[in-house]
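Heads up, the thing below is written out as structure tokens.
In my numbering, the protein residues as written are 652 to 1117.
Right, here's the structure in full:
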């Protein structure tokens, strides 16, 4: 490595050599507007100690009036505590940097501290403060990691020697080494500095001269990414190197957020709330799992019922083990009774047609009858009027009791119909039903010897006589 490059890296590492401080500090009282704020040194440092109170963020006053200014608090002798009036308005914020005789920021840097409501009258809310001199950066308002930036000012506005410090809230603070001072037209007097600060770090650039640290005010920057990160190393400062210094203090304007010195934002750990939250989360997860399981099972059942084919004859759930349908769906065969009984009619007269028998009545259609008649008949096979007809009738059940009675009626086919007459000769046809009410039967005459009717005659229906 060339000697000049080695020297430049050594100079860049000098401001960060005192980061491992053997002491720190605590904020002993709540920061309130126009009230005293007490600081206390912890550990072993090299007195005398001092604290630098640097405003952070925008002003909360109307019309953006900046009434805050950087305040330096010096501890008396070797004392480890100091108290001063905080002349910052409520709802504003600031950062504290503590130093000792060995260098700047050796006692650590606090996170942003919020100011709560307090007393009035310690500052003028209508008049902005003015720095001792104004400094600039080039490029304007930008600091880039590992890229050279120029810090410059007007020479006639400075008293003595200028000093600049880098302050990282909640991180490290360091002295910016002064390089070769040059005069450039349009950029005044200044020097070049290469920030070896990690990308994205929020940093306050604080300037001053012989009138005190921070007499030139401060500017807030966020480190941008450059073309290289070769200047960074393990000791390069960042905004989160460890626990912020300062102990316990409010970090929000309503006082709810509190820095505990360990990077947390609560004043204490609420074990009960944590346990309750864990138990509630477990029960909530179980309830959610049960609900999902119920929904999945119900969806499956609904899908299975929907996809099952509909059987109009039987319900599959009620099928017999052998696959037969239910009893009320089983077919019942019709069994025709065996016609073993014949019906005959013997006539004592000659000329009677064989097989001619009386027509059974309506009440006889449910069974088969066997009739043997020895009645005397007259000529032509007709019974003699008034004679009784002794008969032998045998009745047999048509079917087992388990079968219902069945009427069987066979109709004769009339044959093909006659062709209709020509259209001009077609007579009007009127169809009338049979007049069965006109049928009547004459009383048969019986011989004196009781042998039977001397003759039988059947009254022809009047409708037929026509």
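C-beta: ideal position from N, C-alpha, C; glycine also.
Runs of alpha helix (DSSP H) lying entirely within the stretch 670 to 707, each at least 4 residues, in chain order: Within the stretch 670 to 707, there are no complete alpha helix (DSSP H) runs of at least 4 residues.
Short Cβ contact (8 Å threshold) for residue 796 with residue 876: In the chain shown, the residue the question calls residue 796 occupies position 145. In the chain shown, the residue the question calls residue 876 occupies position 225. Taking 8 Å as the Cβ cut-off, residue 796 and residue 876 qualify as a contacting pair.
Start-to-end residues for the beta strand (DSSP E) that takes in residue 869: Counting from one through the chain shown, the residue named residue 869 turns up at place 218. For residue 869, the enclosing beta strand (DSSP E) covers residues 869 to 873.
Cβ pair count under 8 Å reaching 3, the stretch 728 to 740 against the stretch 800 to 809: With the cut-off at 8 Å, the stretch 728 to 740 and the stretch 800 to 809 do not touch.
Residue span of the beta strand (DSSP E) that contains residue 1118, given as start and end: Residue coverage of the chain in this structure runs from 652 to 1117, which leaves residue 1118 outside it and unanswerable.
Cutoff 7 Å; reference residue 831; Cβ partners in own chain excluding five residues on either side: By one-based count along the chain shown, residue 831 stands at place 180. Same-chain partners within the cutoff: 842.
Proximity test, residue 853 beta-carbon vs the ligand NAP heavy atom, cut-off 7 Å: As for the ligand NAP, it is missing from this structure, which has no ligand bound.
Cα-Cα separation, residue 688 to residue 889: Along the chain shown, read from residue 1 onward, the residue named residue 688 stands at position 37. Along the chain shown, read from residue 1 onward, the residue named residue 889 stands at position 238. Their backbone Cα atoms lie some 27 Å apart in a straight line.
Euclidean distance between Cα positions of residue 914 and residue 702: Here residue 914 is taken as the residue at index 263 of the chain shown, counted from 1. Here residue 702 is taken as the residue at index 51 of the chain shown, counted from 1. With a pLDDT of only 39 at residue 914, under 50, the local geometry of the prediction cannot be trusted, and the value read off the model is given with reservation. When rounded, the distance between both Cα atoms is 21 Å.
Given 8 Å, three or more beta-carbon pairs between the stretch 712 to 723 and the stretch 772 to 781: When C-beta atoms of the stretch 712 to 723 are compared with those of the stretch 772 to 781, three or more pairs fall below 8 Å, so the two segments count as touching.
Given residue 813 as reference, the closest of 859, 744, 1058 and 947 once Cα atoms are compared: Your numbering for residue 813 matches position 162 in the chain shown. A check of alpha carbon separations from residue 813 across 859, 744, 1058 and 947 identifies 859 as the nearest.
Segment contact flag, the stretch 844 to 859 with the stretch 812 to 826, C-beta cutoff 8 Å, min 3 pairs: Enough Cβ pairs lie closer than 8 Å, so yes.
Length-filtered (3 minimum) beta strand (DSSP E) runs lying within the stretch 743 to 820: Listed in chain order, they are 744 to 751, 754 to 760, 786 to 789, 800 to 804 and 814 to 818.
contact_flag[the stretch 744 to 759, the stretch 832 to 839] where n(CB pairs < 8 Å) is 3 or more: Short answer: they don't touch.
CA-to-CA distance, residue 932 to residue 948, given in whole angstroms: Indexing the chain shown from 1 puts residue 948 at position 297. Indexing the chain shown from 1 puts residue 932 at position 281. If you take the alpha carbons of residue 948 and residue 932, they lie about 24 Å apart.
C-beta contact flag for residue 744 and residue 761 at 8 Å: Here residue 744 is taken as the residue at index 93 of the chain shown, counted from 1. Here residue 761 is taken as the residue at index 110 of the chain shown, counted from 1. Going by C-beta atoms, residue 744 is not nearer than 8 Å to residue 761.
Closest by C-alpha distance to residue 873, when choosing among 849, 733, 680 and 763: Taking the chain shown and counting its residues from 1, one reaches residue 873 at position 222. Among 849, 733, 680 and 763, the Cα nearest to that of residue 873 is on 849.
Coarse secondary structure for residue 834, derived from DSSP in three states: Translated into positions along the chain shown, residue 834 becomes position 183. Strand.
Classification of residue 867 by the beta-carbon crowding that lies within 10 angstroms, buried from 16 upward: The residue given as residue 867 occupies position 216 in the chain shown. By the 10 Å Cβ count, residue 867 comes out buried.
Residues of its chain near residue 693, where Cβ-Cβ distance is below 7 Å and the 5 sequence neighbours each way are ignored: One-based indexing of the chain shown puts residue 693 at position 42. Hits under 7 Å: 674, 675, 676 and 677.
Within 8 Å, strictly: CB atoms of residue 746 and residue 774: Reading the chain shown from its first residue, position 95 is the one you call residue 746. Reading the chain shown from its first residue, position 123 is the one you call residue 774. It is not a contact, given that the beta carbons lie outside the stated cut-off.
N-terminal and C-terminal residue of the beta strand (DSSP E) that residue 734 is part of: Locating residue 734 in the chain shown gives position 83, where the first residue counts as 1. Segment 732 to 736, the beta strand (DSSP E) holding residue 734.
Proximity winner among 833, 821 and 827, relative to residue 806 (alpha-carbon distances): Locating residue 806 in the chain shown gives position 155, where the first residue counts as 1. 833 is the residue among 833, 821 and 827 whose C-alpha sits nearest the C-alpha of residue 806.
Cβ distance (whole Å) where residue 758 is taken to contact residue 768 below 8 Å: What you label residue 758 is simply residue 107 of the chain shown in a count that begins at 1. What you label residue 768 is simply residue 117 of the chain shown in a count that begins at 1. That belief does not hold up - the Cβ atoms of residue 758 and residue 768 are roughly 29 Å apart, past 8 Å.
Neighbourhood of residue 729 by C-beta, 6 Å cutoff - its chain only, sequence neighbours within 5 removed: Position 78 of the chain shown holds residue 729. So the qualifying residues of the chain are 698.
Rounded straight-line distance, which links the Cα of residue 828 to that of residue 882: Here residue 882 corresponds to residue number 231 of the chain shown, with the count starting at 1. Here residue 828 corresponds to residue number 177 of the chain shown, with the count starting at 1. CA-CA distance, residue 882 to residue 828, rounds to 15 Å.
Which listed residue (695, 712, 772 and 711) has its alpha carbon closest to that of residue 731: As a position in the chain shown, residue 731 is number 80, starting the count at 1. Answer by Cα proximity: 695.
Residue 1083, DSSP secondary structure in three states: Counting from one through the chain shown, the residue named residue 1083 turns up at place 432. Residue 1083: coil per DSSP, three-state reduction.
Segment limits, beta strand (DSSP E) that includes residue 709: Along the chain shown, one-based indexing puts residue 709 at 58. Per DSSP, residue 709 belongs to no beta strand (DSSP E) and is neither H nor E.
Secondary structure of residue 856, DSSP reduced to three states: Stepping through the chain shown from its first residue, residue 856 is reached at position 205. Residue 856 falls in the strand class under three-state DSSP.
Option in 1084, 704, 811 and 884 with minimal Cα separation from residue 869: Taking the first residue of the chain shown as position 1, residue 869 is located at position 218. Here the closest residue by C-alpha is 704.
Own chain partners of residue 1007 with C-beta closer than 6 Å, once the 5 adjacent residues on each side are dropped: Counting from one through the chain shown, the residue named residue 1007 turns up at place 356. Annotation note: pLDDT 42 at residue 1007 (below 50); position unreliable, coordinate value reported separately. A distance below 6 Å between beta-carbons, with the five flanking residues on each side excluded, links residue 1007 to no residue of its chain.
For residue 724, three-class secondary structure by DSSP: Stepping through the chain shown from its first residue, residue 724 is reached at position 73. Taken through DSSP and simplified to helix, strand or coil, residue 724 comes out as strand.
For residue 863, three-class secondary structure by DSSP: Here residue 863 refers to the residue found at position 212 when the chain shown is read from its first residue. In the three-state scheme derived from DSSP, where H, G and I count as helix and E and B as strand, residue 863 is classed as strand.
Element boundaries [beta strand (DSSP E), containing residue 841]: The residue given as residue 841 occupies position 190 in the chain shown. It spans 839 to 844 - the beta strand (DSSP E) in which residue 841 sits, taken as one unbroken run.
Pick from 691, 776, 680 and 896 that is closest to residue 714, judged by C-alpha positions: In the chain shown, counting from the first residue as 1, residue 714 sits at position 63. Across the set 691, 776, 680 and 896, the C-alpha of 776 shows the shortest separation from the C-alpha of residue 714.
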